[in-house]
Each structure stands twice: as C-alpha cells, then as structure tokens.
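Right, one structure below, let's go through it.
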Amino acid sequence: SCYHVLCRRDFGTFAEGEGIVSSDRVTIVGSISRDRANSALDCAAARLLAASAASSQVPHLGRQGPPVAPAEGMEVVLCGAVTRVSRGRIVSVSSSEIRIGRRAGGSALVTRPGDSGAVWWEEQSMRAVALHAGKGPTPGTALGVPMTAVLTSLALVTL
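First residue of the sequence shown? That's 69 in the numbering used here, and the numbers climb one at a time after it.
What follows is the structure, encoded as structure tokens:
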C-alpha cells in the first residue's frame with residue numbers, strides 16, 4: 069500500500085511492529101516494519117496476521133498476474149476502495165512515478181481520496197503496473213509508483 073495509508077498520513081515516523089487495523093478501525097490485521105516502508109516512494113508493506121486476509125483475486129476484476137514494467141500508452145484499470153473500477157492510460161513514466169490520464173476517446177479519469185494504495189493493473193493481462201498514490205497535477209490525471217520500484221525498494225518478491 070502507500071506509506072501515507074499504512075504508516076502516517078503526514079509521512080512521519082511510526083513504531084516498529086505497529087499494528088494495522090481493518091476497516092472497522094478496531095481489529096488488528098497486521099503490522100508494519102521500517103524495513104518494509106519507504107516514505108520517499110510513498111510505499112509500504114504490511115505483514116498480515118492471517119493468511120486468509122490475502123487473496124489472489126482483484127475485487128470486481130478477477131485473478132491477478134505478476135508485475136510488469138509500465139509503458140506509455142498502456143491501458144490500465146484500478147479497483148479503488150472508494151471509486152471502485154476506473155480505467156485509464158499511462159501518459160508518462162519515470163523510475164519513481166507514472167502519470168495516468170484518460171483513454172483516447174474515453175471518459176474522464178476519476179479517482180477519489182481513499183483509493184490510495186490500490187493497484188493499477190494492465191487491463192488485458194491483469195498484471196500489476198503501479199501503486200496508486202493520488203490525483204495528478206492536472207484535472208483528470210492520477211499518479212502512481214511503478215510496482216517494479218515498489219517491490220525493489222521494499223525487498224519484496226511475488227509468489
């Protein structure tokens with residue numbers, strides 16, 4: 069997820085092993101570690117307490133594939149906690165940031181506060197492309213962190 073979601077909204081420090089609570093804001097479902105958090109890239113990973121909390125299914129979209137490097141023009145889809153399904157096209161890529169805009173001939177790209185930490189998927193293959201970090205600098209755009217950079221930064225591997 070995003071550092072500003074799992075750790076601190078203000079990007080401040082957190083206690084090693086601090087608990088992550090579920091949407092009910094009471095039940096602890098995991099913990100965070102400084103070894104698995106990067107405020108500069110706005111990404112963090114949680115250690116889940118129960119294997120049943122994880123799933124290989126993307127809500128509303130189906131089964132996920134392994135990560136893939138982002139490329140300009142790639143058509144992507146997000147299933148955010150608030151927006152639900154949103155579709156876009158990658159318009160620019162750097163080593164630490166991608167910008168997503170609307171598809172050619174498509175409706176405006178919509179994401180909302182609360183979608184941060186969701187994954188942008190390459191729509192045809194359902195392979196992870198980027199971690200949604202928030203709205204872009206211009207209306208109708210979104211920002212993400214390349215999933216390849218997230219995995220490398222946090223020393224994570226996919227199963």
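Positions of the beta carbon are idealized from the N, C-alpha and C atoms, including for glycine. Treat the numbers as computed from the prediction; the structure is a model and nothing was measured.
(1) Specify, as a first and last residue, the run of the alpha helix (DSSP H) that Ser221 falls within.
(2) Which residue marks the beginning of the beta strand (DSSP E) containing Leu116, and which one marks its end?
(3) When burial is assigned at 16 or more other CB atoms within 10 Å of the CB, is Leu74 buried or exposed?
(4) Tell me, please, which residues DSSP counts as bridged to Ala210.
(5) Compute the Euclidean distance between the alpha carbons of Glu165 and Gly202, then round it to the nearest angstrom.
(6) Have a look at Val213 and Val150 and give me their C-alpha separation to the nearest angstrom.
(7) For Ser90 and Val97, I'd like the C-alpha separation in whole angstroms.
(8) What does DSSP give as the partner residue(s) for Ser154 in the beta ladder?
(9) May I ask you to verify whether the region 183-195 touches the region 217-224, counting CB pairs closer than 8 Å and requiring at least 3?
(10) On the criterion of 16 or more Cβ atoms from any shown chain inside 10 Å, does Asp78 qualify as buried, or is it exposed?
(11) Considering only the alpha carbon of each residue, which of Pro138, Ala83 and Gln132 lies closest to Ala198?
(12) Along the chain, where does the beta strand (DSSP E) that runs through Val97 open and close?
So, to answer that:
(1) Its alpha helix (DSSP H) spans residues Met215 to Ser221.
(2) If you look at Leu116, you'll find it in the beta strand (DSSP E) that goes Cys111 to Leu116.
(3) With 16 or more Cβ atoms within 10 Å of its Cβ, Leu74 is classed as buried.
(4) According to DSSP, Ala210 bridges with Ile168 and Lys203.
(5) Computed Cα separation, rounded: 11 Å.
(6) Rounded to the nearest angstrom, the gap between the Cα atoms of Val213 and Val150 is 19 Å.
(7) Ser90 and Val97 have their C-alpha atoms roughly 6 Å apart.
(8) In DSSP, Ser154 forms a bridge with Leu146.
(9) Look at the beta carbons and you see the region 183-195 not touching the region 217-224: under three pairs across the two are nearer than 8 Å.
(10) Around the CB of Asp78, fewer than 16 other CB atoms lie within 10 Å, so the residue is classed as exposed.
(11) Nearest C-alpha to Ala198: Pro138.
(12) First-last of the beta strand (DSSP E) with Val97: Ile96 to Asn106.
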